[in-house]
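K.L.:
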Amino acid sequence: MSAETLSAALADVPRSPGAPKPDPILVADSVTRRFGGMTAVDVEHIEIQRGAITALIGPNGAGKTTLFNLLTGFDQPNTGTWTFEGRSLAGVPAARVARSGMVRTFQLTKALNRMTVMENMRLGGARQPGENLGRALLPPLWRSREREITEKAEHLLERFKLLEKKGDFAGSLSGGQRKLLEMARALMSDPTMVMLDEPMAGVNPALTQSLLGHIQSLRDDGTTVLFVEHDMHMVRHISDWVAVMAEGRLVAEGPPSTVMADQAVVDAYLGAHHDTDLGDDSLLEDEAVTRQLEAEAQAEDTERAHEKEQP
Amino acid sequence: MDWPRILTVVAGELFAPTTAAYALAAIGLNVHFGLTGLLNFGQAGFMLLGAYGFAISTIAGFPIWAALLVAVACSTVFALVLGIPTLKLRGDYLAIVTIAAAEIVRIVGRSTALTDLTGASSGLRGDSYKETFQALSPFDDGTTTLGPFTYSNNASNSWWIRIAAWVVVVLACLLVWRLMRSPWGRVLKGIREDEDAVRSLGKNVYAYKMQALVLGGVIGSVAGVFYVLPRAVQPDSMGRPMTFWIWTILLLGGAATVFGPVLGSMLFWTVLMLIKTVGREVIPNTIMTNAQIEQFGWIVVGVTLMLLVIFRPQGILGDKKELAIDVR
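Each protein sequence line maps, in turn, to chains A and B.
Under the working numbering, think of the first position of the first sequence as 1, with each following residue one higher.
Under the working numbering, think of the first position of the second sequence as 1001, with each following residue one higher.
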């Protein structure tokens, strides 16, 4: 799907958190995750448009990665249900989520360091009968599929400019190359949706440009992309839709050109009182404040006097 | 000094049944640790269960194939019982549980309550369960001399058990070689590196770890059978020290290699025998008695294990480049 048709499709979507999309691939309802007394995620409703690049942004600790973990089965929520392509995925283990077509990458790259680049790629391949213990003993049963997987891996590695590294250990690649490898590996199973957790973190600017291109070409091939990112430039550059989280909640949604001006987003990033002048004298006229300050000063004085008595 | 005799004794260790049994046990541990990254500190428990399963069912009148099946079934159940609660947790927990479980097997085996079944701490006499294995031998009774080596054909420490044990070792090597180079082995290797990454690619990590635990345990139980065939089932000789010797053998030869466990076992037992025999000849009784030389040999084993882990963690056959990439 091209960017134009997508922006046309998303033009009528209201700019409010939890807005219904014309063709959602992922729909989540009342997803909460608490760690002790802290509520890390409390999302009432979110829909992700099929075939679009959706960015999930928010300040540190907003619960973006936790939401990712919940949706992909890497963590269990306290409450919540969600469907992917109409099938419920709540409580489904991570491996089955991946097999159903929703593949993720990690914020801290998980390249399998002591395996070669090619082996990393082959591991991403789906429907390899040789991954069954019994059939693994009989190579004729899996050789042909292995050839298909290898061919696909070479094709993807070429696209990601890693083909000449295919015999190297993944641990010997640079941080950015490992990010590329992880993304390429995630694509081995032809997922319908990829979830990228901070794909640009630690990637040098030259590689960033090609990564952006890869993500856009994914969208053009019909893959849905949801990604967490801090780099606003990148978000504005490639995403079709932006969802903003703060303190575990979804606070705003909208196209990248306008969402940054949303009051809720400004509040989330800069604080709700960022334009209140703390040096304003009128604040001091409030008798309660004055009294409180006096009480504090007094308490400090007595404490000091106390300290003098007992050196 | 009687060098020809010493060298014969030492070379005899190269293909002794005990060497084969330890090689087999280390191959099983290699499936756990080398291929999958599972920390099993109870391989002796798998061996002891295999030995008990085989010996007790043979004494009860089972034919040899059924007795072997019992041994395999015992270790399978043991692996499942250990794996179900621990394989979902971090690797360290499996280590704790396996070392404890192996001790439980040993202590239950030697408890007086089971004297009728296991013979308690005095164990089961070899004569009571060797019959079916020796009956399979194609050789006549008597002894055969091959070069400097003279062994009986069938009885106890025989040519027959050497042949059978080493054939099984070769078969186990073939199995591991085939599996390591298969997509199944690739998934295991991925699990060794990073479970979550493999999970994110749609593989059921728990099931793979369980398969590896059972497979390595079954190989361990067959090793236990070959270990007790030339001697007796002695629960106290199959305790924690045995587990750590198997670890030394695996790390010496090289984890995650096909022939590492075999090479490690051969080296381990020949060098140990060399230290003992040469020590007895060279060191006067006033400095070290024979019993102390025996102990000294085990001290060398301990120091070797430490030096290996520090200076050559990949072992003799391991890929240095692969281990040079420090993942932690």
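Glycine residues also receive a C-beta, built at the ideal position from the N, C-alpha and C atoms.
Is the shortest distance between the beta-carbon of B:R1186 and the beta-carbons of chain A less than 8 Å?
P.N.:
Counting from 1 along the second sequence, the entry for residue 1186 of chain B is found at position 186. Yes, contact with chain A.
K.L.:
Relative to the C-alpha of A:K110, which candidate in B:V1198, B:P1085 and B:W1269 has its C-alpha closest?
P.N.:
Numbered from 1 along the first sequence, position 110 holds the residue referred to as residue 110 of chain A. Measuring from the Cα of A:K110, the nearest candidate turns out to be B:V1198.
K.L.:
Could you spell out where the beta strand (DSSP E) holding A:M195 opens and where it closes?
P.N.:
On the first sequence, position 195 is the one that residue 195 of chain A refers to. Its beta strand (DSSP E) spans residues M193 to D197.
K.L.:
Go ahead and pull the three-state DSSP assignment for B:S1152.
P.N.:
Working through the second sequence from its first residue, we reach residue 1152 of chain B at position 152. B:S1152 falls in the strand class under three-state DSSP.
K.L.:
Confirm, please, whether the CB-CB distance from A:A184 to A:M121 is below 8 Å.
P.N.:
On the first sequence, position 121 is the one that residue 121 of chain A refers to. On the first sequence, position 184 is the one that residue 184 of chain A refers to. Yes; because the gap between Cβ atoms is below 8 Å, this pair is in contact.
K.L.:
Do B:L1250 and B:L1308 have their beta-carbon atoms positioned less than 8 Å apart in this structure?
P.N.:
By 1-based counting over the second sequence, the position of residue 1308 of chain B is 308. By 1-based counting over the second sequence, the position of residue 1250 of chain B is 250. Contact: no.
K.L.:
Quick one: residues in its chain with C-beta nearer than 7 Å to the C-beta of B:L1117, no 5 flanking neighbours on either side, listed in chain order?
P.N.:
Numbered from its first residue, the second sequence carries residue 1117 of chain B at position 117. Hits under 7 Å: I1056.
K.L.:
When you compare each of B:A1020, B:K1088 and B:R1192 to B:I1161 by their alpha carbons, which one comes out closest?
P.N.:
Taking the first residue of the second sequence as position 1, residue 1161 of chain B is located at position 161. For B:I1161, the closest C-alpha among the options B:A1020, B:K1088 and B:R1192 is that of B:A1020.
K.L.:
Identify every run of the alpha helix (DSSP H) within the segment 45-93 of chain A, keeping only runs that are complete inside it and at least 4 residues long; order them along the chain.
P.N.:
64-71
K.L.:
Answer yes if the segment 1042-1062 of chain B comes into contact with the segment 1279-1286 of chain B, meaning at least three C-beta pairs across the two stretches below 8 Å, and no otherwise.
P.N.:
no
K.L.:
Out of A:E229, A:T192 and A:T224, which one is the CA nearest neighbour of A:P199?
P.N.:
Here the question's residue 199 of chain A lines up with position 199 in the first sequence. Ranking A:E229, A:T192 and A:T224 by Cα distance to A:P199 puts A:E229 first.
K.L.:
At least one CB of chain B closer than 8 Å to the CB of A:P20: is that the case?
P.N.:
If you number the first sequence from 1, residue 20 of chain A lands on position 20. Not closer than 8 Å to any Cβ of chain B, the Cβ of A:P20 fails to qualify, so no.
K.L.:
Once the 5 residues before and after B:T1008 are set aside, which same chain residues still bring their CB inside 8 Å of it?
P.N.:
On the second sequence, position 8 is the one that residue 1008 of chain B refers to. Excluding residues within five positions, the ones whose Cβ falls inside 8 Å are P1148 and F1149.
K.L.:
Taking C-alpha atoms, which residue in B:T1145, B:A1044, B:M1273 and B:K1209 lies nearest to B:G1220?
P.N.:
Taking the second sequence and counting its residues from 1, the one referred to as residue 1220 of chain B is at position 220. Among B:T1145, B:A1044, B:M1273 and B:K1209, the Cα nearest to that of B:G1220 belongs to B:A1044.
K.L.:
With H, G and I counted as helix, E and B as strand and the rest as coil, what does DSSP make of A:D42?
P.N.:
If you number the first sequence from 1, residue 42 of chain A lands on position 42. Three-state result, A:D42: strand.
K.L.:
Going by other Cβ atoms of all chains shown within 10 Å of its Cβ, with 16 needed for buried, is B:K1088 buried or exposed?
P.N.:
Looking up residue 1088 of chain B in the second sequence gives position 88. Around the beta carbon of B:K1088, a 10 Å sphere encloses fewer than 16 other beta carbons of the protein chains shown; the residue is thus reported as exposed.
K.L.:
Please tell me whether A:K64 has its Cβ less than 8 Å away from any Cβ of chain B.
P.N.:
On the first sequence, residue 64 of chain A is found 64 positions in, with the first residue counted as 1. Chain B, which has no Cβ nearer than 8 Å to the Cβ of A:K64, makes this no.
K.L.:
Measuring CB to CB, does B:G1253 end up less than 8 Å from B:G1239?
P.N.:
Start at 1 with the first residue of the second sequence, and residue 1253 of chain B comes out as number 253. Start at 1 with the first residue of the second sequence, and residue 1239 of chain B comes out as number 239. Cβ distance not < 8 Å, so B:G1253 and B:G1239 don't count as in contact.
K.L.:
Quick one: list the residues of chain A neighbouring B:Q1211, beta-carbon separation under 8 Å, in chain order.
P.N.:
For this step, residue 1211 of chain B is matched to residue 211 along the second sequence. Residues of chain A passing the Cβ test: L133.
K.L.:
Cα separation between B:C1173 and B:F1015?
P.N.:
Locating residue 1173 of chain B in the second sequence gives position 173, where the first residue counts as 1. Locating residue 1015 of chain B in the second sequence gives position 15, where the first residue counts as 1. Roughly 16 Å between the two C-alpha positions.
K.L.:
Mark A:L293 as exposed unless 16 or more other C-beta atoms lie within 10 angstroms of its C-beta, in which case mark it buried.
P.N.:
Along the first sequence, read from residue 1 onward, the residue named residue 293 of chain A stands at position 293. Its Cβ having fewer than 16 others within 10 Å, A:L293 is exposed.
K.L.:
Going by the CB atoms, is the gap between B:T1243 and B:G1042 shorter than 8 Å?
P.N.:
Mapped onto the second sequence, residue 1042 of chain B falls at position 42. Mapped onto the second sequence, residue 1243 of chain B falls at position 243. Yes. Within cutoff.
K.L.:
Three or more C-beta pairs under 8 Å: does that hold for the segment 1200-1207 of chain B against the segment 143-163 of chain A?
P.N.:
no
K.L.:
Kindly list, in the order they appear in chain A, the residues whose Cβ is closer than 7 Å to that of B:N1204.
P.N.:
Numbered from its first residue, the second sequence carries residue 1204 of chain B at position 204. Simply A95.
K.L.:
Which residues of the segment 1064-1097 of chain B have a Cβ closer than 8 Å to any Cβ of chain A? Give them in chain order.
P.N.:
If the cut-off is 8 Å between Cβ atoms, the segment 1064-1097 of chain B has nothing near chain A.
K.L.:
Let me know the alpha helix (DSSP H) ranges lying completely inside the segment 1090-1150 of chain B, each 4 residues or longer, listed in chain order.
P.N.:
Taken in chain order, the complete alpha helix (DSSP H) segments of 4 residues or longer contained in the segment 1090-1150 of chain B are 1091-1109, 1115-1118 and 1127-1135.
K.L.:
Taking the C-alpha atoms as reference points, what is the distance between B:V1170 and B:G1216?
P.N.:
As a working mapping, residue 1170 of chain B is identified with position 170 in the second sequence. As a working mapping, residue 1216 of chain B is identified with position 216 in the second sequence. A direct Cα-Cα distance of roughly 15 Å separates B:V1170 from B:G1216.
K.L.:
Please look up how many angstroms separate the CB atoms of A:M245 and A:G63, rounded, as I've assumed it's under 8 Å.
P.N.:
Taking the first residue of the first sequence as 1, we reach residue 245 of chain A at position 245. Taking the first residue of the first sequence as 1, we reach residue 63 of chain A at position 63. Sure, about 6 Å apart at Cβ, within 8 Å.
K.L.:
Examine chain A for any beta-carbon lying closer than 8 Å to the beta-carbon of B:K1189, and answer yes or no.
P.N.:
Position 189 of the second sequence, counted from the first residue, corresponds to residue 1189 of chain B. Chain A contact via Cβ: present.
K.L.:
Around the C-beta of B:P1235, are 16 or more other C-beta atoms found within 10 angstroms, so that it is buried, or is it exposed?
P.N.:
Stepping through the second sequence from its first residue, residue 1235 of chain B is reached at position 235. Classification for B:P1235: buried.
K.L.:
Just checking, does the segment 157-165 of chain A make contact with the segment 94-109 of chain A on the three C-beta pairs under 8 Å criterion?
P.N.:
no
K.L.:
Can you tell me which of the three DSSP states A:G222 falls into?
P.N.:
Translated into positions along the first sequence, residue 222 of chain A becomes position 222. Assignment of A:G222 by DSSP, reduced to helix, strand and coil, places it in the coil class.
K.L.:
Ignore the nearest five residues each way along the sequence and tell me which others in B:P1230's own chain have a CB closer than 8 Å to its CB.
P.N.:
Position 230 of the second sequence, counting from 1, holds the residue named residue 1230 of chain B. Cβ-Cβ distances below 8 Å link B:P1230 to P1017, T1018, G1126, S1156, N1157, S1158 and I1161 in the same chain, with the five nearest sequence neighbours on each side left out; the list follows chain order.
K.L.:
Report buried or exposed for A:S189, applying the criterion of at least 16 other Cβ atoms within 10 angstroms of its Cβ.
P.N.:
Position 189 of the first sequence, counted from the start, is the residue given in the question as residue 189 of chain A. With a 10 Å radius around the Cβ and a threshold of 16 neighbouring Cβ atoms, A:S189 comes out buried.
K.L.:
Tell me the residue span of the alpha helix (DSSP H) that contains B:W1166.
P.N.:
Your numbering for residue 1166 of chain B matches position 166 in the second sequence. Looking at the DSSP string, the run of the alpha helix (DSSP H) that includes B:W1166 is W1159 to M1180.
K.L.:
Alpha carbon to alpha carbon, how far is A:A305 from A:M38?
P.N.:
The residue you call residue 305 of chain A lines up with position 305 of the first sequence. The residue you call residue 38 of chain A lines up with position 38 of the first sequence. The straight-line gap from Cα to Cα measures roughly 40 Å.
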